[in-house]
Structures are given as C-alpha cells and as structure tokens.
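Just so you know, the protein sequences line up as chains A and B, in that order.
The first sequence begins at 1 in the UniProt record's numbering and counts up by one.
The second sequence begins at 1 in the UniProt record's numbering and counts up by one.
Beta carbons are placed, not taken as given, at the ideal position from N, Cα and C, and that holds for glycine.
This report refers to the structure that appears directly beneath it.
Number of protein chains: 2
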Amino acid sequence: MAMQLHDLAGADPRRRFSPYCWRTRMALAHKGFVPEALPWRFTDKAAIADSGSDKVPVLRDDGRVIADSWHIAEYLEDTYPDRPSLFGGPGGRALARFVNAWADATVIAGLATLIVADIPAILAPDDLAYFIRSREARFGRPLPEVTADRDERVVQFRQSLHPARMILREQPFLHGDAPAYADYILFGGFQWARCVSSFPILVADDPLYAWRERMLDLFGGLARSAPTA
Amino acid sequence: MAMQLHDLAGADPRRRFSPYCWRTRMALAHKGFVPEALPWRFTDKAAIADSGSDKVPVLRDDGRVIADSWHIAEYLEDTYPDRPSLFGGPGGRALARFVNAWADATVIAGLATLIVADIPAILAPDDLAYFIRSREARFGRPLPEVTADRDERVVQFRQSLHPARMILREQPFLHGDAPAYADYILFGGFQWARCVSSFPILVADDPLYAWRERMLDLFGGLARSAPTA
C-alpha cells in the first residue's frame, strides 16, 4: 500500500501550500516515493489525532504514523537507508538540523510577515475563521497591517538570506552538486510563498532565484506543476 | 617539521585573538596536530605574502602554504583523511560551509559591534593606527560610538543565535554527540570575544553558555588556557 501524507490544502484541494509539507513531499520524491497526498485542512484535527500532533505533515507508512517534517525526514533516512540519502552522512544530518532551525527562525518567520495576508483568499471556508483568529493572535494585529509595508521590508528579508546566497554562489545546491534535505528545508518556504501569494520574494539576479528554478525542475517539475497564486 | 600557523597576536604575543585563527587552531587539534603558532600582526603583510592573502590564518605544511580558515579546514580533511573527520562526510562538509557563512554574517558581524572598541587596548603598537583607521572606515564612525549602546543591543544579538540554541537544546554539540568543524566555526567568534573583551556575551542559563564551556574544555583546555581580557 502506498504511503499516505496528510497535506495542507486550500479551498481548491489541489492547492497544497504548507512549507513543512513541501519539505516532506520533496524528501519523499528524493527517496523515490510517491505518496497518496490526502488534502487536509487546519480544522480537520480528527483525521490526524492518532499521530499525537494537531499539525501536518503527518505520514502513514505500513501502519506507522509519523508527525513533524524533521521527524519524517529522519524516519525516511533510517527506514530506507538504501535509497538516495537525504543527509549524506551523520555530519550532514546534524547540520541539516541546524539549517532547519535557521530556516524556521529566519525564512519561514520572515516570509510570514510578507505573505500572511494573502492566505485567507485561498483557504477552505471552514479554515478561514480559524486561520485569521490564530494568526492575528500571533501577530497581535490585523493581517493586512502585518504585510502593509512589505515593499520596504522585503529588502531586509532578502538580506537575511545571505548565508544561503553565499553558498549558492559557489555551488548549485546547499547540499553541494546535487540537492538533498537541506535544500528541501529552504525550498519549502519559497514554495509556500509561491502557492499563496503573487508578491515577488526574490529578484532575478539573485543566486537564490536560479536555485529556486532548479528546485522547481526537480522530480519532473513536482513543485512547478503545483497550483500557485 | 611541525606545521606552522601564522596566528594573529596582540601586544602580548601570547594573546591570540582572531576568530578565524581559532577555528583553525581547534581544527588542527581535532586532527591531532600541534602547530608552531607564530605570532602575526595586522601590519606584518610581508610574512604571509607568499600565501596570496594579506590575512591570517595562514598554514604552512610540508612546503605548502594555505590561507583562509575554510580552505585550511578543507585542506586538512582532504590531506589527512585517516585522522578524525572535521565534517563527517560530504553532506556535513557542504552544510558546514553554510554554518560558516551564517557565523560570518550573523555571529562575527554581530559580535564586532559589541566588542570592537575593546580591541585597541590589546594591540601591538604598530597595529593600533591600522586597526582604528580600517575599522572606523568599515563602521563609518568612531569605535566607542559603535559599541556605546551594547548593553541594549546584546539582547538582540543573543536572539540572533537562536538557530544554534535550538540545536544545543537537543544535543551537546552542533555536530551531534561530539564536536567537529561546525562547532569550531561558531566557537571562534566566542573565543575572539573572550580574548579581547570582558563584556558578557552570553547569560549562564543559555544552552550556548554550557556549550561554550564544553568547547573551552576540549583538547586539554586549549582555548581556556589562552590569555583573556
């Protein structure tokens, strides 16, 4: 039986927009797996209650239930060691965890302040009130106010990507000559932005822009073919 | 013949304070090497001219001359593969480079704004004018002005260390159960601060504080025994 992935979806069930789920979808493709990607909404807590988590991604594989994108990546690496490695050895695993923490704190948090007000428009009706209430509580103000000055703030956001840019000036992927989980970690954020917002995050002469294009091409255009805003 | 390391020194030749040289000194110790660490000053360009660089660290090993802490780490890993690994595999090497870029952009640059005004007091006389002139040009104002509000800004600096802190809550070293080059990259910055300034960078309940203590204990207390401010 194919793996199943509970995957955050919008009103259009084909629109899959979670940055964390995209990390997992790319990791599964890297390992050669094509899961049944079940559309899931923020308010559908019952469907994943047996995972012990109230958030996706949640992966079901041969009777096992694994929540959290990082834990899923480790599960896949440990359970399927003969398939292409997500980490490239123990050192790569330890430092991918660092990239994960950096991307969460810098990239996901930064992107949220640029695109969060665009998300309600793509949500399923049942999710709308939940999303607005929970995000306004997190930011402490209405979502349109959060993103209001984004044309100015995006410059600083681009600067915050400097460590990744430095690497991508020297090599095609964070992981080196070929992509691996560190690339999927970072890409998840950009794919999230792409799926929910038409706001331009990167400029065309940024090495990150060309890297994102390469990421969109992977696995037969898996991410490029996804519905976008 | 033992390796030689051109190593930035203060007026007291025993005070070695470059963050980049400390990365290299720890990497050499990790590989089991004890170099002849030659005191070098900012204005002593002639001594390292054959390296093609005007900055230290510069390593001399068996007729070869290698400049730049990252290049030295790669040289050591490639030349002495049978000694303890600095990277833990190709994935670890690729992502250590990311840690290097993050540490330079976030940690070294952030620390500089907190401690740069303390450095002139420990410099050799010939270096003093060079250092003040070049650093005031970089910051665009007198060095005491750069650090003036550090009691407030250190709070934000500590927040910028969040990605490393997240990892060190879960494991004793960035690299995992044992330290490797990613740890030496980050540690170089803290050891620099420790050698030139008494300004308190970390608070005692920070996981980074305990990690720094572990780093100071490595290799028989190599870094702990160095002259500090």
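message: Please list, in chain order, the chain B residues whose beta carbon lies closer than 9 Å to that of F98(A).
response: Here residue 98(A) corresponds to residue number 98 of the first sequence, with the count starting at 1. Correct list: L95, F98, V99, W102, P163, A164, M166, I167, L174 and A182.
query: Can you list, in chain order, the residues of the region 76-94 of chain A whose Cβ is nearer than 8 Å to any Cβ on chain B?
result: S85, F87, G88, G89, P90, G91, G92, R93 and A94
- prompt: Whose CA, out of L161(A), R133(A) and F173(A), lies closest to the CA of A105(B)?
  reply: On the second sequence, position 105 is the one that residue 105(B) refers to. Cα-wise, what sits closest to A105(B) is L161(A).
- request: Decide yes or no for the touch test of the region 106-119 of chain A against the region 39-52 of chain A: beta carbon pairs closer than 8 Å, at least 3 of them.
  value: no
task: Alpha carbon to alpha carbon, how far is V196(A) from I119(B)? Give it in angstroms, no decimals.
output: Taking the first residue of the second sequence as 1, we reach residue 119(B) at position 119. Taking the first residue of the first sequence as 1, we reach residue 196(A) at position 196. Taking the straight line from one Cα to the other gives about 49 Å.
task: Report the rounded CA-to-CA distance for residue 235(A) versus L202(B), giving the unit in angstroms.
output: With chain A running from 1 to 229 in the structure shown, residue 235(A) is simply not present.
query: So, are the CB atoms of L174(A) and A94(B) less than 8 Å apart?
result: Position 174 of the first sequence, counting from 1, holds the residue named residue 174(A). Position 94 of the second sequence, counting from 1, holds the residue named residue 94(B). It is a contact, given that the beta carbons lie within the stated cut-off.
- request: Would you mind sorting A204(A) into buried or exposed? The rule is 16 or more other CB atoms within 10 Å of its CB.
  value: Residue 204(A) sits at position 204 when you count from the first residue of the first sequence. So A204(A) counts as exposed.
- request: Alpha carbon to alpha carbon, how far is A137(A) from R224(A)? Give it in angstroms, no decimals.
  value: Within the first sequence, the letter at position 224 stands for residue 224(A). Within the first sequence, the letter at position 137 stands for residue 137(A). Approximately 33 Å between the Cα atoms of the pair.
message: Give me the chain B residues within the contact set of A105(A), using Cβ-Cβ distance strictly less than 8 Å, ordered along the chain.
response: Your numbering for residue 105(A) matches position 105 in the first sequence. Within 8 Å Cβ-Cβ: H162, P163 and M166.
query: Taking contact to mean at least 3 C-beta pairs separated by less than 8 Å, is the region 5-23 of chain B in contact with the region 34-44 of chain B?
result: yes
- prompt: Of the choices S85(A), L114(A), R23(A) and P57(A), whose alpha-carbon is the least far from that of A193(A)?
  reply: Taking the first residue of the first sequence as position 1, residue 193(A) is located at position 193. Considering only alpha carbons, the answer is L114(A).
query: Counting Cβ pairs closer than 8 Å, one from the region 141-154 of chain B and one from the region 180-187 of chain B, do we hit at least three?
result: no
Limits of the unbroken alpha helix (DSSP H) element including D126(B): Walking along the second sequence from the start, residue 126(B) turns up at place 126. It spans P125 to F139 - the alpha helix (DSSP H) in which D126(B) sits, taken as one unbroken run.
message: Taking 6 Å as the limit between beta carbons, can you name the residues of its chain near M215(A), skipping five residues before and five after?
response: Locating residue 215(A) in the first sequence gives position 215, where the first residue counts as 1. Only F187 meet the Cβ criterion.
query: If you drop the 5 nearest sequence neighbours on each side, which residues of the same chain put their C-beta closer than 7 Å to that of F219(B)?
result: Locating residue 219(B) in the second sequence gives position 219, counting from the first residue. Once the five neighbours on either side are set aside, the close Cβ partners of F219(B) are A29.
message: For the ligand COA, I want to know if G220(B) counts as a neighbour, meaning its beta carbon is within less than 7 Å of at least one of the ligand's heavy atoms.
response: Only the bare structure without any ligand can be found here, which leaves the ligand COA out of the picture.
- request: Would you kindly report the start and end of the unbroken beta strand (DSSP E) that includes R64(B)?
  value: Position 64 of the second sequence, counted from the first residue, corresponds to residue 64(B). Looking at the DSSP string, the run of the beta strand (DSSP E) that includes R64(B) is R64 to A67.
query: If you draw a straight line from the alpha carbon of K31(B) to that of E145(A), how long is it in whole angstroms?
result: To locate residue 31(B), count along the second sequence from 1; it is residue 31. To locate residue 145(A), count along the first sequence from 1; it is residue 145. Using only the alpha carbons, I get a separation of about 54 Å.
For Q4(B), the nearest candidate out of A27(B), W22(B), V58(B) and Y20(B) (CA to CA): Within the second sequence, numbered from 1, the residue matching residue 4(B) stands at position 4. Per the Cα distances, V58(B).
- prompt: How many angstroms separate the CA atom of G88(A) from the CA atom of I132(B)?
  reply: Against the first sequence, residue 88(A) aligns to sequence position 88. Against the second sequence, residue 132(B) aligns to sequence position 132. The alpha-carbon atoms of G88(A) and I132(B) are separated by roughly 44 Å.
message: Taking only three categories from DSSP, how would you classify Q4(B)?
response: Sequence index remark: in the second sequence, residue 4(B) carries index 4 (1-based). Here Q4(B) sits in strand by DSSP.
query: Could you give the distance in angstroms between the alpha-carbon of D206(A) and the alpha-carbon of D7(B)?
result: Looking up residue 206(A) in the first sequence gives position 206. Looking up residue 7(B) in the second sequence gives position 7. Whole-angstrom Cα-Cα distance: 36 Å.
message: Considering only DSSP beta bridges, list what V58(B) is partnered with.
response: Along the second sequence, read from residue 1 onward, the residue named residue 58(B) stands at position 58. According to DSSP, which records beta bridges pairwise, V58(B) is partnered with H6(B) and A67(B).
- request: Can you say whether M26(A) is buried or exposed, counting buried as having 16 or more other CB atoms within 10 angstroms of its CB?
  value: Stepping through the first sequence from its first residue, residue 26(A) is reached at position 26. So M26(A) ends up on the buried side.
- prompt: Since A37(A) is in the beta strand (DSSP E), which residue starts that stretch and which ends it?
  reply: Position 37 of the first sequence, counted from the start, is the residue given in the question as residue 37(A). Per DSSP, A37(A) belongs to the beta strand (DSSP E) from E36 to W40.
field: Contact set for R60(A): own chain, Cβ-Cβ below 7 Å, skip 5 residues either direction
entry: As a first step, residue 60(A) is located in the first sequence; it is residue number 60 there, counting from the start. Once the five neighbours on either side are set aside, the close Cβ partners of R60(A) are M3 and Q4.
field: Best match in T228(A), R41(A), Y80(A) and D12(A) for proximity to A129(A) [C-alpha to C-alpha]
entry: The count along the first sequence starts at 1 and reaches residue 129(A) at position 129. The candidate whose alpha carbon is nearest that of A129(A) is R41(A).
message: Using 8 Å as the threshold, is the C-beta distance between G91(B) and G91(A) below it?
response: Mapped onto the second sequence, residue 91(B) falls at position 91. Mapped onto the first sequence, residue 91(A) falls at position 91. Their beta carbons are under 8 Å apart, which means G91(B) touches G91(A) by this criterion.
- prompt: Helix or strand or just coil, what does DSSP make of F173(B)?
  reply: In the second sequence, residue 173(B) corresponds to position 173, counting from 1. F173(B): strand per DSSP, three-state reduction.
- prompt: Rounded C-beta distance between A11(B) and A124(B)? I'm assuming under 8 Å.
  reply: One-based indexing of the second sequence puts residue 11(B) at position 11. One-based indexing of the second sequence puts residue 124(B) at position 124. Contact flag correct, Cβ pair sits at about 5 Å.
message: With the cut-off set at 8 Å, would you say P163(B) and A96(A) are in Cβ contact?
response: Here residue 163(B) refers to the residue found at position 163 when the second sequence is read from its first residue. Here residue 96(A) refers to the residue found at position 96 when the first sequence is read from its first residue. No, the pair does not count as a contact, with Cβ atoms beyond the cut-off.
task: Keeping to the same chain, check which residues put their C-beta closer than 7 Å to that of L208(A); ignore five residues upstream and five downstream.
output: To locate residue 208(A), count along the first sequence from 1; it is residue 208. Counting only Cβ-Cβ distances below 7 Å, and skipping sequence neighbours, we find L161, A164, R165, L168 and L202.
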